[in-house]
Structures are given as structure tokens and as C-alpha cells.
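Sequences listed follow chains G, P, C and L, in order. Numbering-wise (the UniProt record's numbering), the first sequence opens with residue 1 and increments by one. Numbering-wise (the UniProt record's numbering), the second sequence opens with residue 1 and increments by one. Numbering-wise (the UniProt record's numbering), the third sequence opens with residue 1 and increments by one. Numbering-wise (the UniProt record's numbering), the fourth sequence opens with residue 1 and increments by one. Below you'll find the structure, written out as C-alpha cells, and then a few comments.
Number of protein chains: 4
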Amino acid sequence: MPHPDALTIAGQTFTSRLMVGTGKYADLHVMRDAIDASGAQIVTVAIRRVELGAPGHDGLLDALDLDRLQLLPNTAGCRTPDEAVRVAKLARALTGVNWLKLEVIPDPRWLLPDPVGTLRAAEMLVGEGFTVLPYIQPDGVLARALERAGCATVMPLASPIGSGRGLRARELVKTVIDDATVPVVVDAGLGVPSDAAQALELGADAVLVNTALAEARDPVGMARAFRLGVEAGRAAYLAGRMPARDGASASSPTAGVPRLPDPEVPA
Amino acid sequence: MPHPDALTIAGQTFTSRLMVGTGKYADLHVMRDAIDASGAQIVTVAIRRVELGAPGHDGLLDALDLDRLQLLPNTAGCRTPDEAVRVAKLARALTGVNWLKLEVIPDPRWLLPDPVGTLRAAEMLVGEGFTVLPYIQPDGVLARALERAGCATVMPLASPIGSGRGLRARELVKTVIDDATVPVVVDAGLGVPSDAAQALELGADAVLVNTALAEARDPVGMARAFRLGVEAGRAAYLAGRMPARDGASASSPTAGVPRLPDPEVPA
Amino acid sequence: MPHPDALTIAGQTFTSRLMVGTGKYADLHVMRDAIDASGAQIVTVAIRRVELGAPGHDGLLDALDLDRLQLLPNTAGCRTPDEAVRVAKLARALTGVNWLKLEVIPDPRWLLPDPVGTLRAAEMLVGEGFTVLPYIQPDGVLARALERAGCATVMPLASPIGSGRGLRARELVKTVIDDATVPVVVDAGLGVPSDAAQALELGADAVLVNTALAEARDPVGMARAFRLGVEAGRAAYLAGRMPARDGASASSPTAGVPRLPDPEVPA
Amino acid sequence: MPHPDALTIAGQTFTSRLMVGTGKYADLHVMRDAIDASGAQIVTVAIRRVELGAPGHDGLLDALDLDRLQLLPNTAGCRTPDEAVRVAKLARALTGVNWLKLEVIPDPRWLLPDPVGTLRAAEMLVGEGFTVLPYIQPDGVLARALERAGCATVMPLASPIGSGRGLRARELVKTVIDDATVPVVVDAGLGVPSDAAQALELGADAVLVNTALAEARDPVGMARAFRLGVEAGRAAYLAGRMPARDGASASSPTAGVPRLPDPEVPA
Numbered sequence: 001m002p003h004p005d006a007l008t009i010a011g012q013t014f015t016s017r018l019m020v021g022t023g024k025y026a027d028l029h030v031m032r033d034a035i036d037a038s039g040a041q042i043v044t045v046a047i048r049r050v051e052l053g054a055p056g057h058d059g060l061l062d063a064l065d066l067d068r069l070q071l072l073p074n075t076a077g078c079r080t081p082d083e084a085v086r087v088a089k090l091a092r093a094l095t096g097v098n099w100l101k102l103e104v105i106p107d108p109r110w111l112l113p114d115p116v117g118t119l120r121a122a123e124m125l126v127g128e129g130f131t132v133l134p135y136i137q138p139d140g141v142l143a144r145a146l147e148r149a150g151c152a153t154v155m156p157l158a159s160p161i162g163s164g165r166g167l168r169a170r171e172l173v174k175t176v177i178d179d180a181t182v183p184v185v186v187d188a189g190l191g192v193p194s195d196a197a198q199a200l201e202l203g204a205d206a207v208l209v210n211t212a213l214a215e216a217r218d219p220v221g222m223a224r225a226f227r228l229g230v231e232a233g234r235a236a237y238l239a240g241r242m243p244a245r246d247g248a249s250a251s252s253p254t255a256g257v258p259r260l261p262d263p264e265v266p267a
Numbered sequence: 001m002p003h004p005d006a007l008t009i010a011g012q013t014f015t016s017r018l019m020v021g022t023g024k025y026a027d028l029h030v031m032r033d034a035i036d037a038s039g040a041q042i043v044t045v046a047i048r049r050v051e052l053g054a055p056g057h058d059g060l061l062d063a064l065d066l067d068r069l070q071l072l073p074n075t076a077g078c079r080t081p082d083e084a085v086r087v088a089k090l091a092r093a094l095t096g097v098n099w100l101k102l103e104v105i106p107d108p109r110w111l112l113p114d115p116v117g118t119l120r121a122a123e124m125l126v127g128e129g130f131t132v133l134p135y136i137q138p139d140g141v142l143a144r145a146l147e148r149a150g151c152a153t154v155m156p157l158a159s160p161i162g163s164g165r166g167l168r169a170r171e172l173v174k175t176v177i178d179d180a181t182v183p184v185v186v187d188a189g190l191g192v193p194s195d196a197a198q199a200l201e202l203g204a205d206a207v208l209v210n211t212a213l214a215e216a217r218d219p220v221g222m223a224r225a226f227r228l229g230v231e232a233g234r235a236a237y238l239a240g241r242m243p244a245r246d247g248a249s250a251s252s253p254t255a256g257v258p259r260l261p262d263p264e265v266p267a
Numbered sequence: 001m002p003h004p005d006a007l008t009i010a011g012q013t014f015t016s017r018l019m020v021g022t023g024k025y026a027d028l029h030v031m032r033d034a035i036d037a038s039g040a041q042i043v044t045v046a047i048r049r050v051e052l053g054a055p056g057h058d059g060l061l062d063a064l065d066l067d068r069l070q071l072l073p074n075t076a077g078c079r080t081p082d083e084a085v086r087v088a089k090l091a092r093a094l095t096g097v098n099w100l101k102l103e104v105i106p107d108p109r110w111l112l113p114d115p116v117g118t119l120r121a122a123e124m125l126v127g128e129g130f131t132v133l134p135y136i137q138p139d140g141v142l143a144r145a146l147e148r149a150g151c152a153t154v155m156p157l158a159s160p161i162g163s164g165r166g167l168r169a170r171e172l173v174k175t176v177i178d179d180a181t182v183p184v185v186v187d188a189g190l191g192v193p194s195d196a197a198q199a200l201e202l203g204a205d206a207v208l209v210n211t212a213l214a215e216a217r218d219p220v221g222m223a224r225a226f227r228l229g230v231e232a233g234r235a236a237y238l239a240g241r242m243p244a245r246d247g248a249s250a251s252s253p254t255a256g257v258p259r260l261p262d263p264e265v266p267a
Numbered sequence: 001m002p003h004p005d006a007l008t009i010a011g012q013t014f015t016s017r018l019m020v021g022t023g024k025y026a027d028l029h030v031m032r033d034a035i036d037a038s039g040a041q042i043v044t045v046a047i048r049r050v051e052l053g054a055p056g057h058d059g060l061l062d063a064l065d066l067d068r069l070q071l072l073p074n075t076a077g078c079r080t081p082d083e084a085v086r087v088a089k090l091a092r093a094l095t096g097v098n099w100l101k102l103e104v105i106p107d108p109r110w111l112l113p114d115p116v117g118t119l120r121a122a123e124m125l126v127g128e129g130f131t132v133l134p135y136i137q138p139d140g141v142l143a144r145a146l147e148r149a150g151c152a153t154v155m156p157l158a159s160p161i162g163s164g165r166g167l168r169a170r171e172l173v174k175t176v177i178d179d180a181t182v183p184v185v186v187d188a189g190l191g192v193p194s195d196a197a198q199a200l201e202l203g204a205d206a207v208l209v210n211t212a213l214a215e216a217r218d219p220v221g222m223a224r225a226f227r228l229g230v231e232a233g234r235a236a237y238l239a240g241r242m243p244a245r246d247g248a249s250a251s252s253p254t255a256g257v258p259r260l261p262d263p264e265v266p267a
């Protein structure tokens, strides 16, 4: 029986709406346990660092249970569309997976993606048969262009990568969600489960986190916390929130209730 | 085996950190199902409205599974300490329960509690043997005074009752949590599970919600969502969040990673 | 001719809505120049520190142009109502001024005022003929009680003293402003002129700042900035702001405008 | 003598950092008075609506004192780069002014600009000798690309046009300001002077407002308020704000101050 609220990306369905990264963990055991606790079914890996044996990336692919997990190679570290396309092809050759989290990040300080370069790279990669999930700023017009180019999702940032500041550009993320025809995955900047829940409550289809787990005091406990937060936010979205009000509203309205006469009650 | 992270109030332990109200529901069946779905073990009831048969309160006590639930009578609708004390005694006589959520609310517009009247009533009720859980504004000095008076918890508001605006006075709620010697229960104004999660992440021991469930499109689904949100926030608090940063921080640091040479990869 | 928008406190009128403190300045010259630049007409001084010759307070009263300024002695450092009343009398004896900024602050960590003690001290001081301006948390019920006790204003905090975090408890400050019958002066926690402007836009009658000036890189420049910010906020309050909207609204609406035909324009 | 803190755009200097629009006013007299009160030296006009005689745009150019004001024609209503370029040329032919506020807005709902189309149009217009001020989302990477293309400023939005919600995407606007080599003008979404002050305090060089003035109850009073708010924010930026703190910090530190002995003061 199909899950009543599955997430479908490029024809594949997932019951988890939490995606996770693999960077910054103290060791691969902690990483694996955190991924297990998160319930994530999609896991992203920086291909350049795997290839180059960057610290913490050696043996990374072997540590992942790829029978159960959808691998999502990413192009972290790529500054131009050409570089991203080359690394994408390397990723496919190396892993046999044609899903790609596309990152074109020329900005060394804020690690922000390039809108024009990302669109160009996405067009090329879709043409090469990739399933492309591009990382973008919360720009609704760019998101529409990427959909038209054939991307499988759009992944707007909540706040700068690794900042843990949460859903700071809430109104702009909302413009990406509105009228989206592909799943919206909020990526980057989420620090605590309430941030993830907010994104889902707003109508995002999923979130991706990495630093919030890897840098928690207890990454495995935090992974479980995010799993619950994502489920909470999605359940709230489906249940339909109360209206927010400017004023107060009594939980137990008094309209029509006579004032109590001085009661004679036993002490 | 004791629960590893139980909440203890006045010597009683609870595994749930979500308390719920009973007002504003369309009917008692929905209320009961929502309470079940919330996993709440403490349920508050407005005694005056029960006594007076206010709309929606007739048969309310019978609808609650009091074998499983700790009843928490409240003094909603009381404007003065004397009135609150009289209703408290009525509550005890009526229910046999000596727990009391103390509300002294003289303000018809914002439904805000009276700090001086609440402290006076609390002192009287503690002297009468009640277990007192006072509803207050997020005032750390008043909270300390209520602790000294023997209250079992303090219950600061997040934003005005029924407003659903969330944890607006975050910094002030933090001053109540800091150095508290009794459990802090954030009460009033929470609209969505992320609001509840935020309170727990900040260090609150529990939350109480009513309108957010009763006025959701699907109260039972929202009750389940809040249950998950509270569990997420508590788990995150225990796991220790990552530091929030002003700037960005790469998930997969590039320090020490040589730039990739032009790779020859198969298309 | 009377100023068209004067602030009246206890029968005295002021054209400035910015009050300032005298603590933390590098030296008294900078303080005096900053006060001049601020345009403030009401200046608060910690009497205990003056009396005790605390660092930076020696000669402070002589440095103020008391012909032009309304002195507002305060009871900073007092932890109980009795202590505050004693210092108030000392202030009056020392300065000949019966205005008093009442601070009863038992909390060493957050420097938060005691609601119950503040009300008690206010009642005593009003009885002794003082013009009392009490420092409080943003508690609308307490504010009403202080008005009834005869206070000349209420002074709710924006965020903890010296934190510079701005108007964090905006909704609660609003509950103090609503229905107030005496001027509301937002005091403590304002860090930049936009914070002050926000308070005035919300309907506060005035603000008081100290640390934001004294700890600026250029206290005199910042004093001028706050003067402008307060004037901006007041002018906006009087002019009536546009409604905030969820969506967008074109500055130059297109409704009824035919689409332009391909224009033949000269290059 | 040159103004000590002038704003320079494309070699021209201005003493005002507040730019204004001309849409939505009840009539041209109110518009003119509001522009006067704002002190603005740069005024933007929707050329298509002028040309087409859209409601409120008839006679608009004649109503502006173009001896004193720098006219800034804009391409509001243009959905594609080609359309914007054509309207830009029309604007230059019609007004003799080669400054241009570039708007390429394909999105009918949120009125958000197209990053790719805006960059393409900017490149063409710079090549045609225009002084280009492009309206963009708060995207630091796009901003750098527009600088490299020869734009005279970048104009990131604070929140959607006409929403009056203020500086919602503060962190992202900051990424545009950081390292900018041309002036940054925050445009769209500012509702009250404190919003404008915040933008200047953050380091923006100027702001542009329209709806906030035109839809105020008193547009002329609000224009004066914004003028003051912008001056306040700029002055604060230059003066260097105090650090924001998590905790409190006494205005009049008690360190080293002996506790007052019981004073014997006259009543």
C-alpha cells in the first residue's frame, strides 16, 4: 500500500522528508548512526572531496548503506558551470548515480550560489540526462526558470550555509513555494528542529541539513530531533493551522456565561 | 524502569511534556480524540464554565479519561485573587483534585494576568494545600517570587492567549527559564508545532496549548503534530544545538583540498 | 505658541521625546556633548552613585545644565521597595527635585524590575509627593495598577538593560501602550535609532536611552542619530502608516493599461 | 565646500539618501508636496504609464521640478529584457535622461525581478550608454555580476513591492552590501521610517520608497518622517553602534560601589 503522504522526486517516492549531508562529522561511525537516527532516505556527498580524499571523506561512500539510501552526489566546491558539469560527470562515473545536487558557488565568503551559472549548468546537465536538484537563493523567478529547464526540485537556502540561523528569509522562501510545480527542498542554514518544522509548516516539501547534526553536541540525538521536527511540521501543514490574530481570544469564551454568584464552597 | 527524561511536577512524573486545554472544540468527541493524539497526560478545564454549563462545557468532565489523565482545573474567568480562591475551592470540591492552574485575569482585552493578584492568590492557595501552577507574563522576578511562595511550576505566556503568534517574547521567556527551580511551562499563544519546539529548545520544561488544536482544520492531526514538535524540541535541547554564526561555514570544508585538475571524465 | 505635539508629564511640557542617561561615558565632556546633541530635556542620574562618588559619577550633577534640563534622579542599584524609598528621599534632599525614576531591581543577572516591589514603592512615593516614573517589564496589567496608584508615566523595557537588542517584546509593549492614560516611555535595551523609531511608531510617547549612546564609537554622533530617529518615529505615528500586506502591490498599477505595442524608438 | 557625507552615483553627488517614486498618489499636488517634504533628489517614474497616460500618470513629468531633481525613469511593467530595453530607449527619447531604473518583472503575483533577464538587459543597456540602476532580489552573487557589467548601483528589495513589511530578508541584504563596489539602494517593501533606518544602519547607501508615502494617511507627514529616518540610520551607521549583548549590563555599573549604609534622610 502506498504511503498516504509520500514525497515524489523524479518518479521515486520517499516517506522521509529529511535529507542529510555527510560533511563535518567527527568520524564515519557517528555519521552513520546520525543518518540512521534521522530516518533520511536521501544523502548528499561532496564528490570532489571524496575523489580527492579530503579529510573526513576517505571511505565515505563505503560507510553508507546504499541499498537503502538514495545517494545524491553534489558539486560542492565548484565555482563555475563548467566545473560543476565536469564534476557531475565524474560523480556519475564514480557512483553510477545520475541524481545531482547542483551547487555553483563562486562566493568565498557567504557561500552563495550563482543564479545565472546555476541555470546554465542545470540546462546542460538536464540535457545530459541528469536528475538535477539545484541549490539556489530563495528567488521565485529563478525557481520557475529551473523548473522549466527540467530540474527535479529546487533547493532554496534558509540562511547562509552552516550559519544555523534558521528560516531568516521566510517571505522569500514562500515566494519559491507558491505555485511551484516541483518539490521545494529548503537547504542550508537550519540550526534546530523548529527551523525545519517552520519550513514544512510554510509548505516546503522537504529540508536538507548537515551542520546542524554534525556540530550538535550529540549528533545522533539531534538527528532524531530533526526527524521528529520534520514530521511535526509536515503533519501541521496537512492539519491546517489556526489563524494568527493580533489580539487575544479566550480559550473558554465567556460570551453568554453569567457571572458566578459568590459561591459558598467548602474550604 | 523510570523514564530517562521524565517531567516531575509536585512529586508526580510524566513522560509527556505537552499539556492541553479543553475549550473551543466543535464537540467532545473531537476533543477526546485530539487529547488522545496529543499524548498529553495533563489536561486543564475551566471550572466556572463546567459548573455553569457554558456552551461546550456540559458533560466535559465525563468525557475525559481521568484514570489516565491528571486533571488540572483552572480559574479562567476570574478577575481577582478572591474570586480565584473561591473558584479553586469549588474546583476541589467538585473534582477531588487539588492541582490548580491559577489564572487571575482582570484585563478584558488582552487577557493578561495580574502579577500582584496572582502572587497573592498563589500564597493563599499554597496555604490551603493546593498544588499551584500559576499563569503569568514572562517576568523572571515574579517567577522567582512564585517559586518562593511554593508554586509547583510557573507558566509564562508566549504571546496573548488565543493569538497563535508564537514565542514573541523569547528573550523574556528565557529570563524565566534561567535559574528556575521549578518546571517552566510555556502557556498561551503557541500556534504551530515549531512554536512549541522553540520553547523546548530554549529550555522550557513543557508547553500548554488549546486554541492551536481546537481551531486547526484537523484538530486531531494537529494534536499529533504538536506531540511530535514537543518531542523534537526536547530532544534538540538534550542534544545541544550547533552554535549560530553570523557568516557561512562550508559543510565540506575546502581547507587543504587542492583545486581539481581538469578531469577527463566520460560523458 | 504651544508646540503642536508636546509631551506632557505631570503638567510639564517637553518638545523632545528622547530622554537620556548619564552612565558609562568615557568622561563628562563627552557626556555633556552627547546630551546636547540628543536634544533631550529630561536626564536621569543614579543618585546612589553620585552620593557615593562611583567612578564616572563624581561631579556629574555639576556637569549638567540644570536650567535647561529636567533632572530625573533614579534609584538604580536598589533591590527592595524600602531601599528605593530611602534613596528617593535622599535624591530629593540632594537635588531639590521631586521627580523620580523608580527602579526596584532584585535580579543581579538580567537586571529586571520587581513588579510587586515596584508597585509598593510607587504607592509610598506618590503618597510622599513624588512624581514617579516607574521602570517595569512590559506588563499591561501592572502598568494599569501603577497608573491608578498615581504614577506620572510607565516605563516598560524593550529588552534587558544594556543589551542593545531592541524592541524584542513588541507585542507586550503594545499591551502597555493600549489604553494607557499616562505617557508610556520605552526604556532599556534600545541599541540603534531604528529601535527607538519602532517604539514611537508603535505609539509609545517617548524613549530613554543610555548605553546605546555611551558605548557608540562616536557618542555625540549617535546622540544626534537617536534624536532624528525619535522624531522620525513620532512623525510616522502621526502620519498614519500604510497597511502591511502579505502579498505585493504594484507601485504603478497596470490595471486598465493596454500592453505597449512594439515601440519604434530611436536608439 | 563638498558635503562631508555625500552619496555619489555615476559621478553625480547627492546629499539626500532617500529616493522616491511617483505612483499611487491621490493627486499630483499631494505627490509634489510629499516629494518636497522627503528632501529626495532622485525621483523615479514609470515611463510606460506616462506614455500611455495611465491613471495618475497624466501630466506627471510636468509636475516634477526637474531643475532640482534627478529624474530616474523606470521600466515598471516590463516582463522581458527586450521589452525593458525598448522602454529604456523610449524613456531616453522622451526625457533626454539616460539614467534608468531597470525592472524586469515576469512574476505577476509577487512582482519579483528576473535575475537572468535583468543581467542580460543591464549588459545591453550599459552598452547603449545608459546609467543603469537594476532592481534585484537580495542576491549578493547577482549583485557582483551586475557591478562587473557596469551598473551604477544595485537595488535589492527589502520585501515584496508594496507589501510594507520592512527589511525581512536582512541577512541576505547584508550579503549584497558586503564588498559592494557600487552604492546599494534598498528598494521595495519598506513601510515605516524605522525600516529605512535599519537599512542604512546595516550599511546600505540609500533607500527608495513609494507606497509607504503614497498610502500613508498623511503622505506629506510620512515623507518628512522618512527623511528623518534615513538621516537617523545614516548618522548611526557613521557613529558605530554599541555591541548587542545576550545579557544585561547595568547603565551605572555597581562594581566597586559599596552598598549604601541605611541613610538617614529627611522625609
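Note that CB positions come from ideal geometry on N, CA and C, so glycine has one too. As the structure is a computational prediction, the values presented were derived from the model and not from experiment.
Tell me whether G191(L) is buried or exposed, calling it buried when 16 or more other Cβ atoms sit within 10 Å of its Cβ. Buried: at least 16 other Cβ atoms inside 10 Å.
P134(G), DSSP secondary structure in three states: Here P134(G) sits in strand by DSSP.
Keeping to the same chain, check which residues put their C-beta closer than 8 Å to that of P115(P); ignore five residues upstream and five downstream. Only residues of its own chain outside the window of five on either side were considered, and among them I136, Q137, D139, L142 have a CB closer than 8 Å to the CB of P115(P), listed in chain order.
Does S16(P) get closer than 9 Å to chain G when you measure Cβ to Cβ? Not a single C-beta of chain G is nearer than 9 Å to the C-beta of S16(P).
C-beta atoms of A84(L) and G117(L) nearer than 9 Å: In this structure, G117(L) lies closer than 9 Å to A84(L) by Cβ.
Say whether the segment 205-218 of chain L touches the segment 234-248 of chain C, bearing in mind that this needs 3 or more beta-carbon pairs closer than 8 Å, one atom from each stretch. Remark: three or more beta-carbon pairs, one from each stretch, lie closer than 8 Å, so the segment 205-218 of chain L and the segment 234-248 of chain C are flagged as touching.
Could you give the first and the last residue of the continuous alpha helix (DSSP H) run that contains T153(G)? Taken as a continuous stretch (DSSP letters only), T153(G) belongs to no alpha helix (DSSP H), as it is neither H nor E.
T175(P) CB to nearest chain C CB: under 9 Å? Closer than 9 Å to some Cβ of chain C, the Cβ of T175(P) qualifies, so yes.
Please list, in chain order, the chain G residues whose beta carbon lies closer than 7 Å to that of R79(L). By Cβ distance, chain G contributes nothing, its closest Cβ being about 11 Å from R79(L), past 7 Å.
N-terminal and C-terminal residue of the beta strand (DSSP E) that L100(C) is part of: For L100(C), the enclosing beta strand (DSSP E) starts and ends at 99-102.
Between A196(G), R245(G), A244(G), which lies nearest to A236(P) when the distance is taken from Cα to Cα? Nearest of A196(G), R245(G), A244(G) to A236(P), Cα basis: A196(G).
Does the segment 37-55 of chain P come close enough to the segment 68-87 of chain P to have 3 or more Cβ pairs within less than 8 Å? Segment contact: the segment 37-55 of chain P against the segment 68-87 of chain P, three or more CB-CB distances shorter than 8 Å; contact assigned.
Apart from the five residues just before and just after A34(C), which ones in its own chain have a Cβ nearer than 8 Å to its Cβ? Excluding positions up to five away in sequence, the list reads V20, Y25, L213, A214, P219, V220, M222, A223.
Under the three-state reduction of DSSP, which class applies to T211(C): helix, strand or coil? Taken through DSSP and simplified to helix, strand or coil, T211(C) comes out as helix.
Tell me whether the beta-carbon of R245(L) lies closer than 9 Å to the beta-carbon of G162(C). Yes. Within cutoff.
Residue-level contact to chain L via CB, F130(C), 9 Å cutoff: No, its Cβ sits nowhere closer than 9 Å to a Cβ of chain L.
Using DSSP with H/G/I as helix, E/B as strand and the rest coil, what is V185(C)? Residue state, collapsed to three classes: strand.
List the residues of chain L that A169(G) touches, going by C-beta distances under 9 Å, in chain order. The contacting residues are P138, R168, A169, R170, E171, L172.
According to DSSP, which residues form a beta bridge with L72(P)? DSSP, once it has assigned bridges, lists T44(P) as partnering L72(P).
Would E215(L) pass as an interface residue toward chain C - the criterion being a Cβ-Cβ separation below 9 Å? Yes, because at least one Cβ of chain C sits closer than 9 Å to the Cβ of E215(L).
Quick check on the burial criterion: 16 or more other C-beta atoms within 10 angstroms. Buried or exposed for D187(P)? By the neighbour-count criterion, in which 16 or more other beta carbons inside 10 Å mark a residue as buried, D187(P) falls on the buried side.
Considering only the alpha carbon of each residue, which of I42(C), L60(C), L119(C) lies closest to T15(C)? Check the Cα spacing between T15(C) and each of I42(C), L60(C), L119(C): the tightest is with I42(C).
With 9 Å as the C-beta to C-beta threshold (strictly closer), list the residues of the segment 227-248 of chain P near chain G in chain order. So the close ones are R227, L228, G229, V230, E231, A232, G233, R234, A235, A236, Y237, L238, A239, G240, R241, M242, P243, A244, R245, D246, G247, A248.
V257(P) by DSSP, collapsed to three states: which one? For V257(P), the predicted structure reports a pLDDT of 38, less than 50, and the residue's modelled location is therefore unreliable. The matter cannot be settled from this model.
Spell out whether any CB of chain P is found under 9 Å from the CB atom of residue 313(C). In this structure chain C extends from 1 to 267, so residue 313(C) is not present and cannot be described.
Three-state class that DSSP yields for I9(C) in the structure shown: Reduced to three states, the DSSP call for I9(C) is strand.
Taking the beta strand (DSSP E) that L18(G) falls in, what are its first and last residues? In the DSSP annotation of this structure, the continuous segment of the beta strand (DSSP E) that includes L18(G) starts and ends at 18-20.
Extent of the continuous alpha helix (DSSP H) run through I35(G): Per DSSP, I35(G) belongs to the alpha helix (DSSP H) from 28-38.
Between the Cα of G96(P) and the Cα atoms of A169(P), L202(P), L72(P), which residue gives the shortest distance? Between G96(P) and the set A169(P), L202(P), L72(P), the nearest pair of CA atoms involves L72(P).
Given a threshold of 16 other Cβ atoms within 10 Å of its Cβ, counted over all protein chains shown, does L172(G) qualify as buried or as exposed? Residue burial annotation: L172(G) is buried, with at least 16 other C-beta atoms found within 10 angstroms of its C-beta.
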